[in-house]
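In my numbering, the protein residues as written are 6 to 135.
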């Protein structure tokens, strides 16, 4: 009879997912589950109503990572809306997040910076049509 694998850092993973009022710095190697924990945290923030999709900024370095993160967040929100174990209030918040998913700031660092500059070009000392 084999035992299910349980990472030695489970208590820290749980904190990332559930302590939504705290700020964390996560440093870990490739393939250790950072993206999964970030997806779970974002989903929980929206499901609990502590944040809306337009108030989340998830910034990555590569286009591929940003696309994967967007896809995984969308997929997890869809799972929440169909899960029998999730109450209707949380499902509704996830449905709202899905309806406004295009407002999500899940993108590369360069894309995020450019969007800020386009939003406020004058304040940044740029031409209005930047």
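A virtual CB, placed ideally from N, CA and C, is assigned to each residue, including glycine.
Given the structure is predicted, the values throughout are model-derived calculations rather than measurements.
- In the structure shown, residue 110 adopts extended strand secondary structure according to DSSP, grouped into three states.
- When secondary structure is reduced to three states using DSSP, residue 91 falls in the coil class, being assigned neither helix nor strand.
- Taking C-beta atoms under 8 Å as the contact rule, residue 113 and residue 63 fail to qualify, at a distance of about 11 Å.
- Residue 102 sits close to residue 51, with the two beta carbons spaced by under 8 Å.
- Excluding the 5 residues flanking it on each side, residue 81 has same chain C-beta neighbours closer than 6 Å at 44, 48, in chain order.
- Going by DSSP, residue 63 is part of the beta strand (DSSP E) stretching over 62-65.
- Here residue 121 is not near residue 131, since their CB atoms are 8 Å or more apart.
- The C-beta of residue 60 has fewer than 16 other C-beta atoms within 10 Å across all chains shown, which makes the residue exposed.
- Assignment of residue 27 by DSSP, reduced to helix, strand and coil, places it in the coil class.
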